[in-house]
Structure formats: C-alpha cells, structure tokens
C-alpha cells in the first residue's frame with residue numbers, strides 16, 4: 001500500500017497590529033491508503049488572504065528509506081492568479097500535476113501512478129511576502 005497522510009489544517013499567523021491568521025485546509029484531511037499504480041487527488045483551500053496573489057508550494061515529508069531516511073521534499077509551486085506554468089522539482093517532473101481554481105481559492109495536486117516511495121505527509125504552503 002501507498003499511505004498518504006495530509007496535514008489536516010494549519011494556520012499562518014502574523015502579528016502586527018493584532019493577529020491575522022491565514023488558513024490553508026487540506027482535503028482530504030485524513031489518512032489515505034492507495035495501491036501502487038492508483039491515482040491520487042488532493043486539494044488545498046485557502047482563506048484569510050488574497051488567494052490569487054501568492055505562490056503556493058506543495059511539499060511532502062517522506063519516510064521512505066531510499067530517500068536518505070526521509071525528510072522534506074519540495075514538489076512544486078503554482079504562481080496563483082498568473083499565466084505562468086507551475087514549476088516542479090526536476091526529480092518529480094511528470095509525476096505530479098498542480099492546478100488551481102482561483103474562484104474557489106483552491107489548488108490541486110494529482111499523481112497519476114503512485115509508487116511505494118510516494119508514501120508521505122503532503123503539505124501546501126503559501127509564500128510569504
């Protein structure tokens with residue numbers, strides 16, 4: 001089995017003249033089990049900020065033993081609200097597809113054919129300014 005875990009919800013909080021929280025919600029927010037070769041679809045919904053004004057990165061924390069004991073691995077970035085194509089990590093290009101729907105403040109990650117080494121916790125993260 002390929003085990004996919006998605007961080008259920010996390011907030012980016014900034015302090016200035018108060019506290020401003022910007023939420024990113026991962027969907028699904030539970031453990032997902034897939035068989036090798038199956039497809040994966042994840043989404044990340046943002047709120048509390050202008051969604052189309054930031055780059056949104058996808059990262060995974062793998063525990064697969066061949067990845068030097070695990071660690072964080074950058075998957076790619078979508079330049080939200082622009083006409084630029086997403087950028088992908090060279091080692092993962094073609095394995096993942098990143099898209100967005102700005103009107104829904106949501107980005108999507110798809111993997112067409114999962115492998116055992118795709119077992120990881122997947123995160124989306126907004127760029128800071």
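Numbering (the UniProt record's numbering), first residue to last: 1 to 129. From the three backbone atoms N, C-alpha and C, an ideal C-beta is built for every residue, glycine too.
Residue i burial status per 10 Å Cβ neighbour count (16 or more: buried)
i: residue 103; result: exposed
i: residue 113; result: exposed
i: residue 80; result: buried
i: residue 72; result: exposed
i: residue 76; result: buried
i: residue 99; result: exposed
i: residue 94; result: exposed
i: residue 53; result: exposed
i: residue 82; result: exposed
i: residue 123; result: buried
i: residue 37; result: exposed
For residue j and residue i, the rounded distance between their alpha carbons
i: residue 101; j: residue 128; result: 20 angstroms
i: residue 32; j: residue 40; result: 9 angstroms
i: residue 116; j: residue 91; result: 16 angstroms
i: residue 22; j: residue 50; result: Per-residue confidence for residue 22 stands at a pLDDT of 49, beneath the threshold of 50, marking its modelled position as unreliable; the derived number appears in the next sentence. Each residue's alpha carbon lies about 10 angstroms from the other.
Unbroken beta strand (DSSP E) run spanning residue i, endpoints
i: residue 101; result: 96-101
i: residue 43; result: 40-47
i: residue 110; result: 106-111
i: residue 71; result: 71-79
Which of helix, strand or coil DSSP assigns to residue i
i: residue 117; result: helix
i: residue 89; result: coil
i: residue 52; result: helix
i: residue 141; result: Past the edges of the chain, shown from 1 to 129, lies residue 141, and the structure says nothing about it.
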